[in-house]
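Numbering (my numbering), first residue to last: 345 to 464.
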């Protein structure tokens, strides 16, 4: 593993690069930075209490994907619910074992957030 330093939105981070991760497409590398992951961790806002009551998410995990050629960084978050209550109006879509992916894309040159993608 090696380290890369970068600045995102005015704050300096050090990424721990894992060049040996076999589960990434060619040209991309996996990285870790608990500080960066925590600073941009999604806030799961649920103003009506439908997604967090009675079953809040069981875990939220992250992985950073680096495209060093394009100088892009993606903070990839996976949220998992053992049980998710999804009743909305008259529709009942309650179900078990739900995963949601949230991506936050950064430009490593400018240090700016470019976009946020939510799977649902």
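Just so you know, even glycine gets a beta-carbon here, dropped at the ideal spot from N, CA and C.
Query: Please check the pair residue 421 and residue 404, which I expect to be a contact at CB under 8 angstroms, by giving their CB distance rounded to whole angstroms.; Result: 6 angstroms
Query: Have a look at the DSSP bridge pairing and note the partners of residue 434.; Result: For residue 434, which the question treats as bridged, DSSP gives no partner whatsoever.
Query: Starting from residue 378, follow the alpha helix (DSSP H) in both directions and report where the run begins and ends.; Result: 378-383
Query: Keeping to the same chain, check which residues put their C-beta closer than 8 angstroms to that of residue 351; ignore five residues upstream and five downstream.; Result: 357 and 455
Query: Do residue 388 and residue 370 come within 8 angstroms of each other at the CB atom, strictly closer than that value?; Result: no
Query: Pull up the distance between the alpha-carbon of residue 438 and that of residue 426, whole angstroms please.; Result: 11 angstroms
Query: Among 368, 374, 355 and 353, whose alpha-carbon lies nearest the alpha-carbon of residue 362?; Result: 374
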